[in-house]
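Structure record follows, encoded as structure tokens.
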Amino acid sequence: MGSELVVRDLHVNVEGKEILKGVNLQVRQGEVHALMGPNGSGKSTLAYTLAGHPKYEVTDGEVLLDGENLLEMGADERARKGIFLAFQYPTAIPGVNMANFLRTAVSRVRAAQSDNAGSARDGGELIPMREFRKELNSSLSMLKMESDFVRRYLNDGFSGGEKKRAEILQMALLRPKIAILDETDSGLDIDALRVVSEGVNALSGTNLGVLLITHYQRILNYIKPNFIHILFNGRVVVSGGPELASVLEEKGYDWVRTEFGEPVAG
Amino acid sequence: MATSVRTVTRRIITTAAPAADRPDSFNPETLERLSAWKQDPEWVREKRRLAWRFYGEIPMPTTNDEEWRRTDIRPLRLNQIVPFTPDTPTPLGGLRDTPRWVQDTTAGGGDEAGLLIHRDASLAHASLSAEARSRGVIFTDLDSAARQYPDLVMSHFMTEAVPLDASKFAALHGAFWTGGTFLYVPKNVEVSLPLYSLTYLSGVERNSFGHVLIVADEGSAVTFVNEQLSNGAEDAAQAMHAGAVELYLKAGSLVRYVGLQDWGRNLWNFSVERAILERDSVLQWYIGALGSQLTKANMEVALKGPGARAEMVGFLFADGHQHLDHHTYQNHLSGLTGSDLLFKGALRDRARSVYHGLIRIHKAAQRSDAYQVNRNLLLSKQARADSIPGLEIEANDVRCTHGATAGPVEEEHLFYLMSRGLPRHEAERLIVDGFFDEVLQRIPVERVQERLRASVIRKFEA
Ligand SMILES: Nc1ncnc2c1ncn2[C@@H]1O[C@H](COP(=O)(O)OP(=O)(O)OP(=O)(O)O)[C@@H](O)[C@H]1O
Ligand SMILES: [Mg+2]
Chain L
736 MGSELVVRDL HVNVEGKEIL KGVNLQVRQG EVHALMGPNG SGKSTLAYTL AGHPKYEVTD
796 GEVLLDGENL LEMGADERAR KGIFLAFQYP TAIPGVNMAN FLRTAVSRVR AAQSDNAGSA
856 RDGGELIPMR EFRKELNSSL SMLKMESDFV RRYLNDGFSG GEKKRAEILQ MALLRPKIAI
916 LDETDSGLDI DALRVVSEGV NALSGTNLGV LLITHYQRIL NYIKPNFIHI LFNGRVVVSG
976 GPELASVLEE KGYDWVRTEF GEPVAG
Chain A
25 MATSVRTVTR RIITTAAPAA DRPDSFNPET LERLSAWKQD PEWVREKRRL AWRFYGEIPM
85 PTTNDEEWRR TDIRPLRLNQ IVPFTPDTPT PLGGLRDTPR WVQDTTAGGG DEAGLLIHRD
145 ASLAHASLSA EARSRGVIFT DLDSAARQYP DLVMSHFMTE AVPLDASKFA ALHGAFWTGG
205 TFLYVPKNVE VSLPLYSLTY LSGVERNSFG HVLIVADEGS AVTFVNEQLS NGAEDAAQAM
265 HAGAVELYLK AGSLVRYVGL QDWGRNLWNF SVERAILERD SVLQWYIGAL GSQLTKANME
325 VALKGPGARA EMVGFLFADG HQHLDHHTYQ NHLSGLTGSD LLFKGALRDR ARSVYHGLIR
385 IHKAAQRSDA YQVNRNLLLS KQARADSIPG LEIEANDVRC THGATAGPVE EEHLFYLMSR
445 GLPRHEAERL IVDGFFDEVL QRIPVERVQE RLRASVIRKF EA
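Written out as structure tokens, the structure reads:
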């Protein structure tokens, strides 16, 4: 049975201000959902909230992964349960070696999944170097990345495109059940977009559910969504099939605005 | 034997009468006994006596002195300190004969051109490669050097770099120094492997008055590691180290100096360290501070000859109640000189650090550049780092920048790592490790790097 992420009537405050005002969504393994919406509508807020960022305060609603309450878990436990967020703006951490970090992350996530408990195995064993190297190299070549890339510090001094590729590299290694890709397509040139999309497609299949946040039709030519949702002023106001993308492309968000009103200030 | 000292706990000590009311263990009689035991040449004995005079003349620093404002040494009971114990040392075959804890800690014992092991106040082992020896390198304890190479030692030992009256504790050191390492590298000789000097204390009541004197002659090149260890616990009897380091870089020489202290948590560490750089010499100075109850270290590069350059790269990691106070002084005396300093500290629990960084560019030092960066990572709410920069620029054609920061681990860094499945503690460990990487990766001896990384992790996990 495939995994399932359920978001029900989710309300989220950021610094005392309500940003999400009752979001409903359901993403299953094997499905691709595109989430679109104007700047400031709350897409990244949803992404961060699902990943467990402590700054985002859930005031109502629930988020379940296979029936388990994600909201009670820290970010690390969610990751070990199979949630992955590709950041819109990945954080650079100077001094932290990319390869070390990847090996540690993979080890923690795998260990949790093999004992099926999501328990923290702090300072536990690392997966054997040989095995890690092999996986790493195949993921690197899938994403057409140089192998000395992982000798660098984490996201430090990476170009915009390199950061986005590095996010997908992490996704490939961590093999999540549900991945949230927050504008992974922005800042990628044509070639990079194709490589990254092919990477996502190769991973998706039946084992991955994708919530793809984007502003552009472009990526949807490569990654075919099963569903498209429009987030507006903190709510999913329209959901539909792939055809919705071309409607948006044609009419922009104006028709959403007239239909659902201007965002209410404050 | 200092059995009475061993039973004195810190709590008793801090409530006892002021030191001035009691007979001091530092006195002229002790000094004469030490000098006799060491078989000092007459000039050394005279120098000790002079230092003792200066010690009497220089007042004990208090928190009213600007330099000591944040470092209170009143709890140190100097009168409980036994300056030396005249053991007849059993020679050690090498590192394998040192206690287990020393072997487990030290980065020595790798591929070295020479190794000195000091146990307490005496040299216990010395080795030097035949190659280095044949090229005229002298690497021995200071006692022997003072007897065998009087001219070389007399002209450099506590003359220009660290004069006897440099400070209260420099004077105390000048009077009671023991052990000590002497290194001379002749003109144009390059020693490719590092030379290693290890000092350890054999018991919690032991103290150290070790000295390092390096003379790198014109055009020579050498890498030297000075590592100092003891293993007293925080509640053990107080111990002390009053040390001095003197580095003389003659024209065109290159010295890489690694000074690493991992003293026990009962030890009060005072160190005066100064390098004199002649024309076009290059000093790469690496500082690692892990141990001690309290440290007051003064480190100066005096860029005396035109074209001299110094790089200072330091790190400290303090926990518990440690108090580590470092002063660095980038002293530009000549034109076209350069100095570049990076000092990073991490603090947890109730640990505290003080960093004073002074850059001075004298009028004659035109077209010099000086950089200074101090960064501190606070791993607990109670930890504290004070950073006090100072600039005295008398020349007008110079480049100089400095900056200091202190703050906790960034939440966004933590969240990013945790969002990849790392438990918070492990994410923090990676961040701390990463914080130090910039410093550690520059240390020239790989074994020292590894040893320091291991210490950082051990300290983080404690
Ligand atoms: N940390 C924060 N502090 C204050 N306001 C915030 C914070 N994070 C988000 N917001 C506000 O919440 C609203 C939604 O922001 P969010 O980043 O979720 O939008 P988005 O849909 O991802 O936009 P974009 O398309 O530009 O990425 C915005 O008005 C934003 O200013
Ligand atoms: Mg966004």
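Protein chains in written order, with this note's numbering: chain L, 736 to 1001; chain A, 25 to 486.
The beta carbon of each residue, even a glycine, is placed where N, CA and C say it ideally should be.
Checklist line | Which listed residue (P829/L, I818/L, G969/L and L755/L) has its alpha carbon closest to that of F893/L | finding: Working through the first sequence from its first residue, we reach residue 893/L at position 158. Checking every option, the nearest Cα to that of F893/L belongs to P829/L.
Notebook entry, point to check: Does the stretch 796 to 806 of chain L touch the stretch 424 to 436 of chain A, meaning 3 or more C-beta pairs lie closer than 8 Å?
Noted result: no
Next item on the list: Assign M264/A to buried or exposed, taking buried as 16 or more other Cβ atoms, counted over all protein chains shown, within 10 Å of its Cβ.
Entry: In the second sequence, counting from the first residue as 1, residue 264/A sits at position 240. The residue in question, M264/A, is buried, as its Cβ has 16 or more Cβ neighbours within 10 Å.
Next item on the list: Assign R159/A to one of three DSSP states: helix, strand, or coil.
Entry: Position 135 of the second sequence, counted from the start, is the residue given in the question as residue 159/A. Reduced to three states, the DSSP call for R159/A is coil.
Check: In whole angstroms, what is the alpha-carbon distance linking L983/L and E860/L?
Finding: If you number the first sequence from 1, residue 983/L lands on position 248. If you number the first sequence from 1, residue 860/L lands on position 125. L983/L and E860/L: Cα-Cα distance of roughly 49 Å.
Next item on the list: Could you name the residues whose beta carbon sits closer than 7 Å to any heavy atom belonging to ligand 2, keeping them in chain order?
Entry: K778/L, S779/L, Q823/L, D917/L, E918/L and I948/L
Next item on the list: Give the DSSP bridge partners of A394/A, in chain order.
Entry: Locating residue 394/A in the second sequence gives position 370, where the first residue counts as 1. S363/A and C424/A, per the DSSP bridge assignment.
Next item on the list: Could you tell me which chain B residues have their CB closer than 7 Å to the CB of T919/L, listed as they occur along the chain?
Entry: Protein chains L and A are contained in the structure displayed, whereas chain B is not.
Next item on the list: From the DSSP output, in three-state form, read off P110/A for me.
Entry: Mapped onto the second sequence, residue 110/A falls at position 86. Residue state, collapsed to three classes: coil.
Notebook entry, point to check: Going by DSSP, what residues sit across from Y220/A in a beta bridge?
Noted result: Reading the second sequence from its first residue, position 196 is the one you call residue 220/A. Beta-bridge pairing links Y220/A to L139/A and V249/A.
Next item on the list: Mind checking which residues open and close the beta strand (DSSP E) that includes R704/L?
Entry: Any question about residue 704/L goes unanswered here, given that chain L covers just 736 to 1001.
Next item on the list: Report the option in A810/L, S776/L, G765/L and G802/L whose CA atom is closest to the CA atom of Y783/L.
Entry: Here residue 783/L refers to the residue found at position 48 when the first sequence is read from its first residue. Per the C-alpha coordinates, the member of A810/L, S776/L, G765/L and G802/L positioned closest to Y783/L is A810/L.
Notebook entry, point to check: Which of helix, strand or coil does DSSP assign to A41/A?
Noted result: Sequence index remark: in the second sequence, residue 41/A carries index 17 (1-based). Bear in mind that the predicted position of A41/A carries a pLDDT of just 39, short of 50, making it unreliable; the figure below should be weighed with that in mind. Coil at A41/A, not helix or strand.
Note to self: Judging by CA-CA distance, which residue of F248/A, L74/A and A388/A is the nearest neighbour of P187/A?
What the structure shows: Numbered from 1 along the second sequence, position 163 holds the residue referred to as residue 187/A. Among F248/A, L74/A and A388/A, the Cα nearest to that of P187/A is on L74/A.
Check: Leaving out five residues before and five after L678/L in sequence, what residues of the same chain have Cβ atoms less than 7 Å from its Cβ?
Finding: The structure shown does not extend to residue 678/L, since chain L is modelled only from 736 through 1001, so no value can be given for it.
Notebook entry, point to check: Hey, how far is the Cα of P413/A from the Cα of Y988/L?
Noted result: Residue 413/A sits at position 389 when you count from the first residue of the second sequence. Residue 988/L sits at position 253 when you count from the first residue of the first sequence. Those two C-alpha atoms are separated by around 54 Å.
Notebook entry, point to check: What residues match up with Y958/L in a beta bridge as DSSP calls it?
Noted result: For this step, residue 958/L is matched to residue 223 along the first sequence. It should be noted that the sequence gives Ile, not Tyr, for residue 958/L. DSSP lists no partner for I958/L.
Notebook entry, point to check: Would you say E750/L reaches chain A, if we count a Cβ-Cβ gap shorter than 7 Å as a contact?
Noted result: Looking up residue 750/L in the first sequence gives position 15. Output row for E750/L: interface = no.
Check: Is E750/L near ligand 1, with its Cβ less than 6 Å from a heavy atom?
Finding: Locating residue 750/L in the first sequence gives position 15, where the first residue counts as 1. True, at least one ligand heavy atom lies under 6 Å from that Cβ.
Notebook entry, point to check: Between N835/L, A847/L, E807/L and Y791/L, which lies nearest to D883/L when the distance is taken from Cα to Cα?
Noted result: Taking the first sequence and counting its residues from 1, the one referred to as residue 883/L is at position 148. The residue among N835/L, A847/L, E807/L and Y791/L with its C-alpha nearest the C-alpha of D883/L is N835/L.
Next item on the list: Report the three-state DSSP secondary structure of Y824/L (helix, strand or coil).
Entry: The residue given as residue 824/L occupies position 89 in the first sequence. Here Y824/L sits in coil by DSSP.
Notebook entry, point to check: Is the beta carbon of I754/L within less than 6 Å of some heavy atom of ligand 1?
Noted result: The residue given as residue 754/L occupies position 19 in the first sequence. Relative to ligand 1, I754/L has its C-beta within less than 6 Å of a heavy atom.
Check: What does L382/A pair with, by DSSP beta-bridge criteria?
Finding: Within the second sequence, numbered from 1, the residue matching residue 382/A stands at position 358. DSSP, once it has assigned bridges, lists Y353/A and G414/A as partnering L382/A.
Margin query: If the criterion is Cβ atoms closer than 7 Å, does the pair V236/A and V269/A meet it?
Written below: Position 212 of the second sequence holds residue 236/A. Position 245 of the second sequence holds residue 269/A. A contact, by the Cβ cut-off of 7 Å.
Item checked: Below-7 Å beta-carbon distance, T826/L vs any chain A residue -> Along the first sequence, read from residue 1 onward, the residue named residue 826/L stands at position 91. True, the Cβ-Cβ gap to chain A drops below 7 Å.
Check: CB-CB under 8 Å to L454/A, same chain, minus the five flanking residues each way: which ones, in chain order?
Finding: In the second sequence, residue 454/A corresponds to position 430, counting from 1. Take L454/A, set aside five residues on each side of it, and the residues of its chain with a beta-carbon closer than 8 Å to its own are L441 and L446, in chain order.
Checklist line | Bounding residues of the beta strand (DSSP E) (the contiguous stretch that carries H235/A) | finding: Locating residue 235/A in the second sequence gives position 211, counting from the first residue. Start and end: H235 to A240.
Item checked: Extent of the continuous alpha helix (DSSP H) run through F341/A -> Working through the second sequence from its first residue, we reach residue 341/A at position 317. F341/A -> not in any alpha helix (DSSP H); beta strand (DSSP E) instead, spanning R333 to A342.
Note to self: Closer than 6 Å to a non-hydrogen atom of ligand 1 - does that hold for the CB of G329/A?
What the structure shows: Here residue 329/A refers to the residue found at position 305 when the second sequence is read from its first residue. In this structure, ligand 1 has no non-hydrogen atom nearer than 6 Å to the beta-carbon of G329/A.
Check: When the cut-off is 7 Å and only beta carbons count, does P15/A lie next to chain L?
Finding: Nothing about residue 15/A can be reported from this structure: the residues present for chain A run from 25 to 486 only.
Notebook entry, point to check: Roughly how many whole angstroms lie between the Cα atoms of L253/A and S153/A?
Noted result: On the second sequence, position 229 is the one that residue 253/A refers to. On the second sequence, position 129 is the one that residue 153/A refers to. The straight-line gap from Cα to Cα measures roughly 24 Å.
Item checked: Spatial distance of L234/A from A170/A (CA atoms) -> In the second sequence, the residue the question calls residue 234/A occupies position 210. In the second sequence, the residue the question calls residue 170/A occupies position 146. What sits at residue 234/A in the sequence shown is Gly, not Leu. Those two C-alpha atoms are separated by around 14 Å.
Notebook entry, point to check: If you measure from the CB of S776/L, is any heavy atom of ligand 1 nearer than 6 Å?
Noted result: Residue mapping note: residue 776/L aligns to position 41 of the first sequence, counting from 1. Checking every heavy atom of ligand 1 against the Cβ of S776/L, one is found closer than 6 Å.
Check: In whole angstroms, what separates the C-alpha of T919/L from that of E870/L?
Finding: Against the first sequence, residue 919/L aligns to sequence position 184. Against the first sequence, residue 870/L aligns to sequence position 135. Whole-angstrom Cα-Cα distance: 22 Å.
Note to self: Whole angstroms are fine: how far does the CA of L745/L sit from the CA of S974/L?
What the structure shows: Along the first sequence, one-based indexing puts residue 974/L at 239. Along the first sequence, one-based indexing puts residue 745/L at 10. Cα to Cα, S974/L sits roughly 16 Å from L745/L.
Notebook entry, point to check: Does D811/L come within less than 7 Å of chain A when only Cβ atoms are used?
Noted result: The residue you call residue 811/L lines up with position 76 of the first sequence. It does: the Cβ of D811/L has a partner Cβ on chain A nearer than 7 Å.
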